[in-house]
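Number of protein chains: 2
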Amino acid sequence: MEPMSVYILGCGSALPTRRHLPSAQVLSVRGKLFLIDCGEGTQLQFRHTHLNYNKILDVFISHLHGDHCFGLIGLISTMGMLGRHAPLTIHAPSELETLMRPHLDFFCNGLPYEVIFKSFNPATSSCIYEDRSLEVFTLPLNHRIQSAGFLFKEKPRDRHLIKEWLTFYDIPLREYPAIKAGADYITPEGETVPNAKLTKPATPNRSYAYVSDTTYHAPLIPLLKDVDLLYHEATFAEAERKRAKATFHSTAADAGRMAAAAGVKRLILGHFSARYHNESTLLDEAKAHFGAVELADEGLTFEI
Amino acid sequence: MEPMSVYILGCGSALPTRRHLPSAQVLSVRGKLFLIDCGEGTQLQFRHTHLNYNKILDVFISHLHGDHCFGLIGLISTMGMLGRHAPLTIHAPSELETLMRPHLDFFCNGLPYEVIFKSFNPATSSCIYEDRSLEVFTLPLNHRIQSAGFLFKEKPRDRHLIKEWLTFYDIPLREYPAIKAGADYITPEGETVPNAKLTKPATPNRSYAYVSDTTYHAPLIPLLKDVDLLYHEATFAEAERKRAKATFHSTAADAGRMAAAAGVKRLILGHFSARYHNESTLLDEAKAHFGAVELADEGLTFEI
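In order, the protein sequence lines correspond to chains A and B. Going by the working numbering, the first residue of the first sequence is number 41, and it counts up by one from there. Going by the working numbering, the first residue of the second sequence is number 41, and it counts up by one from there.
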């Protein structure tokens, strides 16, 4: 099975530092690349991965703070210079198109591909992208301005056929789709062969959730249920809880509590405040609530 | 004398690479910082210098191609977060204000300082900045769109008084300014003391010219006459002369020829095309025309 991988391009918060850049990451699913947020420097960070700019299928922008979208215009312009022809769809709150169109018209005049904006309502959870194998849902967050997370979820897959038993029962090909989907088989003699004998369980459908920027937000719990990998912002340590509340951000403990409450499998912390020279305190504080936690860092890849 | 220094933040051309970022540099003159062009990543590069963002006095944007200005919005936003209060003046072609105002209003709402746009006409050479010790002139260039270079020129300084002779002639303080400016001194007895006896020559006024983007442009020669340090774009090697012509850029040889024709003291090459894995060919080709030439690189500082 092709890996589902998250490439961290930037995991700092609004103030860039020598160690962290503003938010941007790439989710790679079966050869398709999805860009999630696009802070300044995203295209520069891209150059340090082996990823191909022009394989970016869709872009998802969580909210319209600059550290999550100032890199878009440069990336769009560069993809044009590199000869992209495939349209690029940007999923974002509706104001982004209004803001960016005049810049695209002026700076990216003659772009060899189309930029399509699809706006979503950050206040509800809905499916904003779907292809044969994947769906993307918005996750309403609680930030100073409207903000949405994204849940990337593979569609349920077919069960694996056990060739030997299919041959044994001489099952015709036309029956295969139903059996893959879970149906029993009834022989011409009327005997029922249970599906469990003919198939092995499907490869599990994987899921990834990106949650930034937000406070701890209880309504997320059912939406994040059983997610394989959760990236949750952890801007502050507990010592800055007041500041986290005032700026509508999470502490690392909040991220750990959310991961535990939703029963996710693994947690990545990110969106670190510029005040920390390393994030070991954040890691420790999240770990007190949830064991399977790691720190994001530029250049790291997380496989699901 | 405080140094006049040029800090290279980015010296690549439009396509960023692993080695070079888009155009941006800082000129430091007697503790004042001037930012020249502001490609994407400028604020990130700033973090790697010891320079203080908030000491940036004025910004000069040569032309409105993205690789020379996409970093502005992020820098402006960050300076706000860092508590800048002093107004920031951006000297640029007039369309920049029209393009940026809606973004400033949306993304930098509540900015604690004022952003002032002063437009200039890139088609003429005129003084667009002046303070007690410095003048900045535009340099009309020849590019695909209107583009201007910038000449930073210290004003002529006073001659140095020779204290011993002033005491010897018992010259009153009120005469000092005239003598510093070059006047002879006439004693109460009517004797003329020539200025050359009372003063030593003034510290030379230094100059720096930034020339990017442009073809080789002969009308620049008198404007660049005797400049101490010239940064001239050298996007291409001679093998790409056709492409240089088509895109209105210079070759390294063009830059060398310009430096020689104008009789500048030193030349820096920059704005390198992404196609070069190192710029030794560019250096050699410029050197054939002008000896005192160096390659720009991110992180380098050139002192005048």
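Heads up, the beta-carbon is just placed ideally off N, CA and C, and yes, glycines get one too.
Against chain B, the CB of PHE146 (chain A) has a partner CB under 8 Å away; the residue lies at that interface.
Contact check between the region 316 to 326 of chain A and the region 302 to 316 of chain B: fewer than three CB pairs, one atom from each, fall below 8 Å, which does not count as touching.
Taking 7 Å as the Cβ-Cβ cut-off, the region 41 to 65 of chain A approaches chain B at ALA54, LEU55, PRO56, THR57, ARG58 and LEU61, given in chain order.
Taking 8 Å as the upper bound for CB-CB distance, LEU179 (chain B) and LEU191 (chain B) are in contact here, some 6 Å apart. When rounded, the separation of the alpha-carbon atoms in ALA328 (chain B) and GLU334 (chain B) is 13 Å. THR239 (chain A) and GLY71 (chain A) have their alpha carbons spaced roughly 27 Å apart.
Contacts between ILE113 (chain A) and chain B, judged by CB atoms closer than 7 Å, involve GLY106 and PHE110 in chain order. Take the alpha-carbon of SER68 (chain A) and the one of ALA302 (chain B): they are about 53 Å apart. Between LEU309 (chain B) and HIS257 (chain B), the C-beta gap is not smaller than 8 Å, which leaves the two residues out of contact.
For the region 88 to 102 of chain A, the set of positions with a beta-carbon nearer than 9 Å to some beta-carbon of chain B reads HIS88 in chain order. For TYR271 (chain A), the enclosing beta strand (DSSP E) begins and ends at 269 to 273. In the displayed model, ILE101 (chain B) falls within coil according to three-state DSSP, outside both helix and strand.
A check of alpha carbon separations from LEU269 (chain B) across B:LEU151, B:PHE110, B:TYR169 and B:ILE344 identifies B:ILE344 as the nearest. If you draw a straight line from the Cα of LEU122 (chain A) to the Cα of PRO244 (chain A), it is about 37 Å long.
Around the C-beta of THR138 (chain A), fewer than 16 other C-beta atoms lie within 10 Å, and the residue is accordingly described as exposed. Here the region 228 to 236 of chain B makes no contact with the region 283 to 295 of chain B; the two share fewer than three CB pairs at distances below 8 Å.
In the three-state DSSP reduction, ARG315 (chain B) falls in the coil class, being neither helix nor strand. At least one C-beta of chain B is nearer than 8 Å to the C-beta of HIS143 (chain A). When B:PRO162, B:LEU144, B:ASN161 and B:GLY79 are compared, the shortest CA-CA separation from GLU154 (chain B) is found for B:LEU144.
Not a single C-beta of chain A is nearer than 8 Å to the C-beta of GLN186 (chain B). With respect to chain A, the C-beta atom of MET119 (chain B) has no partner C-beta closer than 8 Å. The C-beta of GLY310 (chain B) comes no closer than 8 Å to any C-beta of chain A. Taking 8 Å as the cut-off, the beta carbon of GLY222 (chain A) is found no closer than this to the beta carbon of SER102 (chain A). Uninterrupted beta strand (DSSP E) stretches at least 3 residues long and entirely within the region 110 to 134 of chain A occur at 128 to 132, given in chain order.
Of the residues A:HIS90, A:ARG87, A:THR89 and A:SER63, the one whose Cα lies closest to the Cα of VAL99 (chain A) is A:SER63. Scanning the region 209 to 297 of chain A from its first residue to its last, the whole beta strand (DSSP E) runs of 3-plus residues come out as 247 to 251 and 269 to 273.
Look at GLU338 (chain A): its C-beta is not under 8 Å from any C-beta on chain B. It is roughly 11 Å from the alpha-carbon of LEU213 (chain B) to the alpha-carbon of LYS203 (chain B). Sequence-distant Cβ neighbours of THR118 (chain B) in its own chain, meaning closer than 6 Å and more than five residues away, are GLN83.
In this structure, PRO152 (chain A) sits near GLY120 (chain A), with a CB-CB distance shorter than 8 Å.
When secondary structure is reduced to three states using DSSP, PRO152 (chain B) falls in the coil class, being assigned neither helix nor strand. Remark: C-beta atoms of ILE96 (chain B) and LEU73 (chain B) approach each other more closely than 8 Å. Nearest Cα to GLN85 (chain A) within the set A:GLY106, A:HIS60 and A:LEU104: A:HIS60. GLN85 (chain A): member of the alpha helix (DSSP H) spanning 82 to 86, first to last residue. With a cutoff of 8 Å on beta-carbon distance, GLU278 (chain B) and ALA293 (chain B) are scored as near each other.
As computed with DSSP, ALA326 (chain B) is found in no beta bridge at all.
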